[in-house]
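K.L.:
Residues in the sequence shown are numbered consecutively from 208, following my numbering.
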Amino acid sequence: METEWLRTFLIAAKTENFGETAEKRFLTQSTVTKHIHHLEKELKTSLFERSGKKVRLNIAGAYFFDKAEKIIEALDVALKGTQAFLEGYTSQLTIGVAPQIANSTLPKIMEHFKEHKPYIQLSIEILKSNEIGEAVYRGLVDIGLSKLSSARDLQIHMIADEAIQLIVPPAKLHMSTPELLTTDPILTHEFAPYWENIQHLLRSRFPSHQTMKLNQTEVIKNFVKQGLGIAFLPQSVVQKEVEDGTLAIHSLKEFQNITSQTYLISKYISSDIQAFLESSKSAYEGANE
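1. Report the rounded CA-to-CA distance for P314 versus A219, giving the unit in angstroms.
2. Checking 8 Å against the spacing of the C-beta atoms, do H319 and S489 come in under that value?
3. Specify the secondary structure class of R263 as computed by DSSP and reduced to three states.
4. For the alpha helix (DSSP H) that contains D360, what are its first and last residues?
5. Can you give me the C-alpha to C-alpha distance between Q307 and Q406, rounded to a whole angstrom?
6. Select from S330, D360, E332 and S356 the residue whose C-alpha is nearest the C-alpha of Y344.
7. Measuring alpha carbon to alpha carbon, tell me which residue in E223, S415 and I327 is nearest K260.
8. Opposite T252 in the DSSP bridges: which residues?
9. So, do the region 346-353 and the region 457-474 have three or more beta carbon pairs nearer to each other than 8 Å?
10. Is the region 280-291 in contact with the region 228-243, if contact means three or more CB pairs nearer than 8 Å?
11. Under a three-way DSSP split, which group does F271 fall into?
12. Suppose the cutoff is 7 Å on Cβ atoms and the five residues either side in sequence are ignored; what does the same chain contact list for S478 look like?
13. What does Y470 pair with, by DSSP beta-bridge criteria?
14. Tell me the DSSP secondary structure of K241 in three-state form.
15. How would you write the range of the alpha helix (DSSP H) that S411 sits in, first residue to last?
16. Would you mind sorting Q423 into buried or exposed? The rule is 16 or more other CB atoms within 10 Å of its CB.
17. If we ignore side chains and look at the alpha-carbon of each, how far apart do E275 and E425 end up?
18. H457 bridges to which residues according to DSSP?
19. Using the beta-carbon count (16 or more within 10 Å), is K324 buried or exposed?
20. Report the residue from S336, R412, L387 and T312 whose alpha carbon sits nearest the alpha carbon of A358.
21. Let's test the definition: count the other Cβ atoms within 10 Å of the Cβ of Y326 and tell me whether it reaches 16, buried, or not, exposed.
22. For a test of the three-state rule: what should DSSP assign to G346, helix, strand or coil?
23. May I have the straight-line CA-CA distance separating P376 from G434, to the nearest angstrom?
24. When we look at the beta-carbon of T389 and count the other beta-carbons within 10 Å, is it buried (16 or more) or exposed?
25. Please name the residue, chosen from I427, F430, L387 and G436, that lies closest to P414 on a Cα-to-Cα basis.
26. Is T312 helix, strand or coil when you go by DSSP?
27. Can you tell me whether D273 is buried or exposed? The criterion is at least 16 other CB atoms within 10 Å of its CB, across all chains shown.
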């Protein structure tokens, strides 16, 4: 049985269309048909119900789909692991990372980790914070770096509890707090767990404030740079821009007790994961000094 037949079968089962399968597999439609025919001949049963151009798994195909998917997943893991071994790596870790972390502290974490564990290959998956705990639980990633904790039964370590800063364009640094918070829209996004505490203070002390929701931290920072608003963000997220002078931190006593947490999530703690945990803590400590 050829593994390419299995790959074609899995795509055909998902698309329910041999023409679309051919496009996704970069094959001719006749080759797709031959792959399915060879597979059905090998299994001595049909796998699809056919209706014109549409196909649908029959009961045997549905049963075989799960088996074929596991075979291909195991094969891909073996191929990837062997290639990593040939390139000098002895093991590998897959990291699920929230965009806010990936665009700020992750490079420092990886740099520190590579200094101490140069023979471990890292693979990075960018996921939303609310998806990371589930990805770890299901085994899709080995480690999660998230701004949110998880209700799953997992190993959860807080690696940072950092100050929230009011970020403004350098040209507006001279403005007073009331002026800033009542004239400029405050930019936020849906996965900012500290936002509820900030909003509570804003409503009680600056009730005339305006907000604008954006779905990415990088977009928020760019809007602030262009003078289109201000934002409350963790210090590590804006450290580089503050250092190069494209963003500025406006001091606010009212919000000094509000912090942002970052978590490392895993199913267990191996020596490799422990090393990654230590690298993560070290990177955040350096970013907030």
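Heads up, the beta-carbon is just placed ideally off N, CA and C, and yes, glycines get one too.
Remember, it's a predicted structure, so these values are computed and weren't measured experimentally.
P.N.:
Put simply:
1. 39 Å
2. yes
3. strand
4. Looking at the DSSP string, D360 is not in any alpha helix (DSSP H), and its letter there is neither H nor E.
5. 20 Å
6. D360
7. E223
8. DSSP lists no partner for T252.
9. yes
10. no
11. helix
12. none
13. S353 and M365
14. helix
15. W402 to R412
16. exposed
17. Going by the sequence as given, residue 275 is Ala instead of Glu. Straight-line Cα distance between these residues: approximately 40 Å.
18. L373
19. buried
20. S336
21. exposed
22. coil
23. 6 Å
24. exposed
25. L387
26. coil
27. exposed
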